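This report concerns only the one structure given below.
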Amino acid sequence: MTELIKAAVLTAVNKPLELQEFPAPAPSSGGAVVAVAYAGICGTDIHLKSGNLPVPMPIVMGHEAVGTIAALDPALSTDINGAPLRVGDRVVWSNNIPCGRCHECLVLKERTLCKSRKIYGINRTSSDAPHLLGGMAGQIALEAGTAIIRIPDDVTFEEVIALGCAGPTALHGMLENLTIHPGDTVAVQGSGPVGLAAAIYAKQMGADKVILLGAPASRLELALEIGACDEVIDMGIYTDPAARLEKLRQMTPQERGADVVIECAGVPAAVAESLDLARPNGQVLVLGQYTDHGATPINPHYITKKQLKIFGSWGFAEAHYVKYVESLSQLRKRHDLGALLTVFALEDVNDAMDTVAAGQCTKAVLRP
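Converting from the sequence shown to our numbering requires adding 91 to each position, the first position being numbered 1.
And the structure:
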């Protein structure tokens with residue numbers, strides 16, 4: 092009898108996800124089948140469900156997952172770092188496969204901008220075999236070209252999935268654009284997983300003080316508890332941008348503003364506010380505008396007068412995921428990453444999605 096695997100499937104915009112069953116896949120040439128231990132729910136998943144980010148349907152959702160290799164094609168013998176792969180190994184993988192042939196991949200060398208990227212759980216329909224091309228399922232079929240990474244022995248599944256795709260997304264933007272000096276003050280807008288990852292890595296990169304602006308209060312308290320930041324500005328209290336600016340300046344030397352501002356809020360108005368929060372000759376990284384939520388007024392005079400350096404960054408490529416996994420052995424010594432998680436059963440996927448959409452948890456994960 093054919094083994095059937097349960098998966099959470101989006102069939103229409105703004106409709107509850109359906110639990111469907113598909114035949115257990117066999118590994119394709121150069122590929123692997125992974126038994127999923129956890130699948131993360133990202134803010135992008137909420138945008139997919141609402142239609143803000145159009146995707147082919149039906150689709151097994153989930154672009155963040157970790158698990159154990161259940162089956163392996165003989166042609167696939169090592170992970171992206173050259174470490175041997177065997178059935179039973181604990182792994183994580185980059186969720187996208189760039190084409191490696193286009194102008195963006197070869198000339199610009201910006202694989203994150205590849206227009207032909209195949210992305211698990213985002214642009215891979217479940218209509219055709221192997222069906223299971225998203226992480227919200229008991230198994231996922233990984234194809235040839237996927238950057239599979241063995242999880243270090245001292246790192247748990249929970250620690251890997253805690254920051255999900257937010258970890259490599261933050262690393263991509265920060266490592267390739269920002270210069271953070273000892274003594275710098277870094278302000279991070281947004282206290283979701285991307286903001287928490289940016290705050291954690293800002294400290295790793297040498298920032299003297301990290302200030303997190305966000306809400307709700309419970310999430311800010313957790314950020315302080317795990318050492319993700321040094322101080323917080325609760326947007327539930329400081330509801331006006333002018334009040335937040337005054338408060339932030341009081342937290343910085345000579346009230347000059349932040350040396351670096353990292354926008355992770357995903358709200359267009361936050362980009363305009365970031366220009367105020369940055370000190371003269373400061374740096375601003377726009378990291379949170381993954382989906383199009385419209386325009387926001389900006390006075391370009393501020394950019395010129397303050398001589399701001401403004402960067403944009405989109406997603407991540409395989410190299411950033413490798414760096415993320417490598418960083419976890421050190422991060423876990425300083426931060427209780429597992430404390431970020433709220434675990435739901437796969438069968439409760441719609442409750443989990445609603446909880447994330449309402450901002451009622453820091454990081455929701457599904458356990459098949």
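Backbone N, C-alpha and C fix where the C-beta goes; we use that ideal spot for every residue, glycine too. Predicted model, so just to flag it, every value in this text is computed and none were measured.
Task: Beta-carbon contacts of residue 329 that lie in its chain and below 6 Å, excluding the five residues immediately before and after - done: Taking the first residue of the sequence shown as 1, we reach residue 329 at position 238. If we look at residue 329 and ignore the five residues flanking it on each side, its Cβ neighbours are 335, 338.
- [ ] Label residue 178 either buried or exposed according to how many other C-beta atoms from any shown protein chain fall within 10 Å of its C-beta, with 16 as the threshold for buried.
- [x] Residue numbering aside, residue 178 sits at position 87 when the sequence shown is read from its first letter. Exposed: under 16 other Cβ atoms inside 10 Å.
Open item on the list: Could you compute how far the alpha carbon of residue 236 sits from the alpha carbon of residue 188?
Closed with: As a position in the sequence shown, residue 236 is number 145, starting the count at 1. As a position in the sequence shown, residue 188 is number 97, starting the count at 1. C-alpha separation (whole angstroms): 6 Å.
Task: Where the alpha helix (DSSP H) through residue 129 begins and ends - done: For the purposes of this step, residue 129 is taken as residue 38 along the sequence shown, with counting starting at 1. Taken as a continuous stretch (DSSP letters only), residue 129 belongs to no alpha helix (DSSP H), being part of the beta strand (DSSP E) at 123-131.
TODO: Give the straight-line distance between the Cα atoms of residue 327 and residue 258, rounded to the nearest whole angstrom.
DONE: Stepping through the sequence shown from its first residue, residue 327 is reached at position 236. Stepping through the sequence shown from its first residue, residue 258 is reached at position 167. Looking at the two C-alpha atoms, the distance is approximately 26 Å.
Task: Alpha-carbon to alpha-carbon, residue 185 and residue 210 - done: Working through the sequence shown from its first residue, we reach residue 210 at position 119. Working through the sequence shown from its first residue, we reach residue 185 at position 94. Their Cα atoms are separated by approximately 9 Å.
Task: Best match in 221, 238, 240 for proximity to residue 231 [C-alpha to C-alpha] - done: In the sequence shown, counting from the first residue as 1, residue 231 sits at position 140. Nearest of 221, 238, 240 to residue 231, Cα basis: 221.
Open item on the list: Distance check for residue 182 and residue 103, CA to CA, integer angstroms please.
Closed with: Start at 1 with the first residue of the sequence shown, and residue 103 comes out as number 12. Start at 1 with the first residue of the sequence shown, and residue 182 comes out as number 91. Approximately 31 Å, taken between the alpha carbons.
Task: Integer Cβ distance of residue 311 from residue 284, believed to fall under 8 Å - done: Mapped onto the sequence shown, residue 311 falls at position 220. Mapped onto the sequence shown, residue 284 falls at position 193. Actually they do not touch by this definition, with Cβ atoms about 14 Å apart.
Task: Endpoints, alpha helix (DSSP H) assigned at residue 421 - done: Working through the sequence shown from its first residue, we reach residue 421 at position 330. Here the alpha helix (DSSP H) through residue 421 covers 409-425.
Open item on the list: Suppose you measure from the CA of residue 453 to the CA of residue 447; what does that come to, to the nearest Å?
Closed with: By 1-based counting over the sequence shown, the position of residue 453 is 362. By 1-based counting over the sequence shown, the position of residue 447 is 356. Residue 453 and residue 447: Cα-Cα distance of roughly 8 Å.
Task: Segment limits, alpha helix (DSSP H) that includes residue 280 - done: Numbered from its first residue, the sequence shown carries residue 280 at position 189. Where residue 280 is concerned, there is no enclosing alpha helix (DSSP H), although the beta strand (DSSP E) it sits in stretches over 276-280.
TODO: With distances taken Cα to Cα, identify the nearest neighbour of residue 156 among 131, 137, 140, 149.
DONE: The residue you call residue 156 lines up with position 65 of the sequence shown. Of 131, 137, 140, 149, the residue nearest in Cα terms is 131.
Open item on the list: Can you find the residues in the same chain that come closer than 6 Å, C-beta to C-beta, to residue 216, ignoring five residues on each side of it along the sequence?
Closed with: As a position in the sequence shown, residue 216 is number 125, starting the count at 1. Contacts found: 147, 150.
- [ ] Compare the beta carbon distance of residue 297 and residue 263 with 8 Å and say whether it is the shorter of the two.
- [x] Residue 297 sits at position 206 when you count from the first residue of the sequence shown. Residue 263 sits at position 172 when you count from the first residue of the sequence shown. No, they are not a contact pair.
Task: Own chain partners of residue 368 with C-beta closer than 7 Å, once the 5 adjacent residues on each side are dropped - done: Counted from its first residue, the sequence shown places residue 368 at position 277. These residues qualify, in order along the chain: 278, 336, 339, 348, 349, 352.
Task: Assigned secondary structure, residue 206 (DSSP; H/G/I helix, E/B strand, else coil) - done: Taking the first residue of the sequence shown as 1, we reach residue 206 at position 115. Note: residue 206 maps to coil in three-state DSSP.
Open item on the list: Less than 8 Å between the beta carbons of residue 282 and residue 303, yes or no?
Closed with: To locate residue 282, count along the sequence shown from 1; it is residue 191. To locate residue 303, count along the sequence shown from 1; it is residue 212. Going by C-beta atoms, residue 282 is nearer than 8 Å to residue 303.
Task: Cβ shell of residue 346 (< 7 Å), same chain only, five flanking positions each side left out - done: By 1-based counting over the sequence shown, the position of residue 346 is 255. Answer for residue 346: 340, listed in chain order.
TODO: In angstroms with no decimal places, state the Cα-to-Cα distance between residue 152 and residue 415.
DONE: Here the question's residue 152 lines up with position 61 in the sequence shown. Here the question's residue 415 lines up with position 324 in the sequence shown. Straight-line Cα distance between these residues: approximately 22 Å.
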